[in-house]
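Number of protein chains: 4
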Amino acid sequence: MTSVLVVSGSPAPVSKSARLADLVGEGLARDGFGVAHIRVRDLPAAPLLAGDAADPAIAAAVALLDAADGVVFVTPTYKASYSGLMKVFLDLLPQHALTGKAVLPLAVGGSLAHVLMLDYAFRPVLHSLGVRHSVQGCFLIESALDMASPEFVTGDLQRDMLARAVDNFSRALTDNAASATWTGFPDRRRRQA
Amino acid sequence: MTSVLVVSGSPAPVSKSARLADLVGEGLARDGFGVAHIRVRDLPAAPLLAGDAADPAIAAAVALLDAADGVVFVTPTYKASYSGLMKVFLDLLPQHALTGKAVLPLAVGGSLAHVLMLDYAFRPVLHSLGVRHSVQGCFLIESALDMASPEFVTGDLQRDMLARAVDNFSRALTDNAASATWTGFPDRRRRQA
Amino acid sequence: MTSVLVVSGSPAPVSKSARLADLVGEGLARDGFGVAHIRVRDLPAAPLLAGDAADPAIAAAVALLDAADGVVFVTPTYKASYSGLMKVFLDLLPQHALTGKAVLPLAVGGSLAHVLMLDYAFRPVLHSLGVRHSVQGCFLIESALDMASPEFVTGDLQRDMLARAVDNFSRALTDNAASATWTGFPDRRRRQA
Amino acid sequence: MTSVLVVSGSPAPVSKSARLADLVGEGLARDGFGVAHIRVRDLPAAPLLAGDAADPAIAAAVALLDAADGVVFVTPTYKASYSGLMKVFLDLLPQHALTGKAVLPLAVGGSLAHVLMLDYAFRPVLHSLGVRHSVQGCFLIESALDMASPEFVTGDLQRDMLARAVDNFSRALTDNAASATWTGFPDRRRRQA
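Here's what the structure looks like:
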C-alpha cells in the first residue's frame, strides 16, 4: 500500500494547521493510501530542541517518514516563514531524507501578504532534503478556515485550490518510477546497448 | 507525442547554459519526446524588453510553451539569481502559463556559493506561473562543463545529478493525469456518489 | 554633496513605479541630495539585452551608479519577483557595484499577495552586489497609487510607510563612515596599539 | 550606553556559532557597547517549544531584546536555512520586535554551497520583524573556525569579512536617528511649516 505521512508544525494545542493536516490525511486514507499524522508538538520537547535523533519517540517519527512514499507538510506562518517548530523537526532528519519522495507543502496564515512564504521559504528547505519533486502547494487564509464547521475549509476558491493540490500529490505518488530512463549521455547509451 | 520545450536564457552568443540546453533537449528527443529549444537571446530585443507579447516572434515562442507538456528552463547565474534575460521572457507569459505542466529548472554557475539560487530564486518564480509540479533541479558548476569535449558535462557526480534530474522530469511528463481524484471533502464525495 | 541614484525598472512608457521613482527622487532633492533617475527602459535595447557594458549609454549609467552614495531601486512586481528589465540592468554591474553604498528597495505590485518579493527576491540580489546595508523597503499596492492625483500615493498607511522608508535611507546616507572601528580580533588590536 | 544583544541559535552544548557569538560580543564590549548574549538553548525547552512568552525566563529574554539598540543573530546552517531553534526564538517575539533597531545576521555553515541562506532565508525573516536596516552579513565556513585557537576565526579573508561586517554594524548603531526628515510629500512639508 502506498503510504503517506502528514507532518503538522503548530505549537498550539488546538490549531487550524493541525486540523487541516487531519482533513487532508483523512481524504487520502479514503482514497486508499496508508496515512499517519505526526504533530511535532507531541514529540518530547527537550530531545527535540537538542536535536537528539536517538530519542525513541523521535527515532520512531523519523522512521515513519523514511518509510513513507510521500509526505504532506502543514505549517502555520510565523514571521513570514514556516514555524520554528516545523524546522526543528526538519533539522532532525538525515540530509537526504526526502530523496525519491513526492512532497506537498501546505501553509496556513493570517494574511494574504504572506502567501509567498510557501515558495520562497518552505519549498527550498524541502528541496534541500532531496525531494524527487514537489507539487504546487497551497496557502490557506485563516479566516477561510472555520473550526466550527464540519467542512472546515470554506469558500469555493480555497476548496478548489486545496483539492487540486492534493490531487496533484496523489498522482505524483502513483506515477510509475520505472517508466523512463534518460539516455542523454552518449556513453550511458552505449553502456545500455 | 509528448512535447517538451527547452528555454535557455544566456545573453552570450556562445554559452555553457545554451549548450547544456541543447544536450538535454537532444537526450529527451532520443527518448521519444518532441523537443524544441528557444534561446531567449534570439528573440527580437526591442519588443522583448518592452514586454510586447504581440510581436510575431514572441507570440510564436509563447505559443510553443503553451503547447508543451513540460518545460526545461536553463539559466546562467548572475548576481546570485537567474539571468535578467530569462526573467524578461518569463515576464511575457500569461499568469498561469505553466499550469498543468511539469518543469525542470537547471542552472549553470561559476561558484558553488550560488547553488541555492535554484531553490530560493528560480523555482519560486516558476511556481508563481502555476506549474503542476517541479522536479528536483540541478546546478552545474561551469568548471565541470567543457565546451571542447563531446561529453560536455565532466565528472561522474555532475553527470549523475543531471541524469537523475532529467529522469525524474521524464517520469513527471508521462504520469497519468487521469489516475486519481481526491475525495477529501465530504460533499465532493456525495456529488460523485 | 551626497548623491543618490534612483533606478526604475518598468518596461512600460508610463508606469506607477517610474512615477514613484520620480516622487522619491524629488523629495530627496528637496532634502539637499544630488539626485539622478535612470529609467532602464530608456537605455538602448540591444546592448542592454546582450549585456554589453561597453555601450556608451550603458557605461554612463554604470558610472552614475558607481559615483552615487546611495541607490533607490524601484521595480514593478512581475511573476512574484522584480522585473526582468530591472535584473537585466543589475546583471550589467560589476560584482561589487554596491559596496559601501546604502540601498533602498521599493516595489509596486498589483496584489498584497506579493509583498514578500521585496525581502525574499529583490533584497538578496542587491546584497549579492555588496551593499553596505539595506534599509527596510516598501511595497506599494497599485490601487493606492493614483496617477491623476498630485499626491500620487494615497492612503495614510502607505504614505507613512514610504516616508519612514525614505527617512531611514536618508539617515543611512549621512551616517559617519569613519566613526567606528571594531577591535574584535586580539591581533587587530595589537596592530592598532 | 548603546546596547547590543547577541542571540545564538545552535542546539549543541558546544558550538562554533555560539563561540562566534561570544567573540563578536566581546569585541563590541571592548568598543564600549553594553553587550548581552542569549543562547536560545539555555531557555527552558517546554515553554520555548510551546511559544509561551509568559514564561519568566523567556519574558526576560524578550525584554533584553526590546531594550537593545542593535541585535546580532548568529545561527548555524541546517537544511539550507537557519536553525529551527533560532526560529523558535524569533517566533516568540512580537510582530515589530526589531523596529528601529540595526541588525547583523551571521551564519556558520559546513559548505560554501549554503552561503546564500543568509540573504535568501535569514534576512527576510528579520526584515519581517520591522528591522530599520540590516547590514551586510557574513557566512563563515566551519573549516575556517578553529575551536582550539585563541583567534578562532582563521584565514585573512574570513577575518576581514567578519571585521567589516561588525564595523558596519557599529556604525549603524551610532548613526544619529534624529538627523534627517524626508520632505517628499508636499502636504507633509506644509504641516512642518
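Protein chains in written order, with this note's numbering: chain Y, 7 to 199; chain C, 7 to 199; chain D, 7 to 199; chain S, 7 to 199.
Think of the CB as a built atom: it goes at the ideal place given N, C-alpha and C, for glycine as much as any other residue.
Nothing here was measured: the structure is a model prediction, and the numbers come from that model.
Against chain S, the beta carbon of V94(Y) has neighbours under 7 Å at G90, L91, V94, listed in chain order.
Chain D places no beta carbon closer than 9 Å to that of A63(C), leaving this residue out of the contacts. Taking 7 Å as the upper bound on Cβ-Cβ separation, chain Y lies near residues A127, P130, V131, S134, L135 of the stretch 119-141 of chain S. Note that the stretch 143-162 of chain S does not touch the stretch 145-155 of chain D; fewer than 3 beta-carbon pairs, one per stretch, sit closer than 8 Å. Residue state for L122(S) is assigned as coil, using DSSP reduced to three classes. Against A150(D), chain Y offers no close residue; the least beta-carbon distance is about 14 Å (beta-carbon pairs closer than 7 Å). Within the same chain, and ignoring the five residues on either side of D75(D) in sequence, the residues whose Cβ sits closer than 6 Å to its Cβ are T8, S9, L179. Membership of F95(S) in the alpha helix (DSSP H) is indicated by the continuous run 90-98.
At the C-beta level, V137(D) and V172(D) stay beyond 9 Å of one another.
Taking 8 Å as the upper bound on Cβ-Cβ separation, chain S lies near residues R47, A51, A52, L54, L55, A56, G57 of the stretch 35-63 of chain Y. Taking a Cβ-Cβ threshold of 7 Å, the residues of chain S close to K85(Y) are L96, D97, V131, S134, L135, in chain order. Only those residues of the stretch 12-27 of chain S whose C-beta falls short of 7 Å from the nearest C-beta of chain Y are listed: P17.
In this structure, DSSP gives V30(D) a helical state, which the three-state scheme calls helix.
For P111(Y), the enclosing beta strand (DSSP E) stretches over residues 108-115. Separation of P62(Y) and V77(Y) (C-alpha to C-alpha, rounded to the nearest whole angstrom) is 21 Å. The Cβ-Cβ distance between L96(S) and Y84(Y) falls below 9 Å. The beta carbons of L163(C) and V30(C) sit no closer together than 9 Å. Taking 9 Å as the threshold, the shortest C-beta distance from G143(S) to chain D falls below it. Not a single C-beta of chain Y is nearer than 9 Å to the C-beta of S155(D). Boundaries cannot be given for L135(D), as no alpha helix (DSSP H) includes it and DSSP labels it neither H nor E. With a cut-off of 8 Å on Cβ pairs, the stretch 64-73 of chain C is in contact with the stretch 45-54 of chain C, counting three or more such pairs. Rounded to whole angstroms, N174(C) and S140(C) show a C-alpha spacing of 10 Å. In the DSSP assignment, the residues bridged to G76(D) are V10(D), A108(D). Counting along the chain, V172(C) sits inside the alpha helix (DSSP H) bounded by residues 162-180.
Nearest to F145(D) by alpha-carbon distance, out of D166(D), S155(D), P156(D), V131(D), is D166(D). For A52(Y), the enclosing alpha helix (DSSP H) covers residues 51-56.
With respect to the C-alpha of T81(C), the residue from D37(C), S134(C), G33(C), H120(C) having the closest C-alpha is H120(C). Measuring C-alpha to C-alpha distances from A103(S) to each of A113(S), L112(S), V131(S), G115(S) identifies V131(S) as the nearest.
For the options R129(S), H43(S), S117(S), the alpha carbon positioned closest to that of P111(S) is the one of R129(S).
Straight across, the Cα-Cα distance linking S14(S) with Q101(S) is about 20 Å.
The Cβ atoms of V20(S) and L91(S) lie no closer than 9 Å to each other. F145(S) carries a strand assignment under DSSP once its states are collapsed to helix, strand and coil. Looking at V12(Y), A18(Y), S23(Y), the one whose alpha-carbon comes closest to that of G115(Y) is S23(Y). Minimum Cα-Cα distance from D48(D) among the listed residues L99(D), T160(D), G38(D), P17(D) corresponds to P17(D). At least 9 Å separates the CB of A69(C) from every CB of chain Y.
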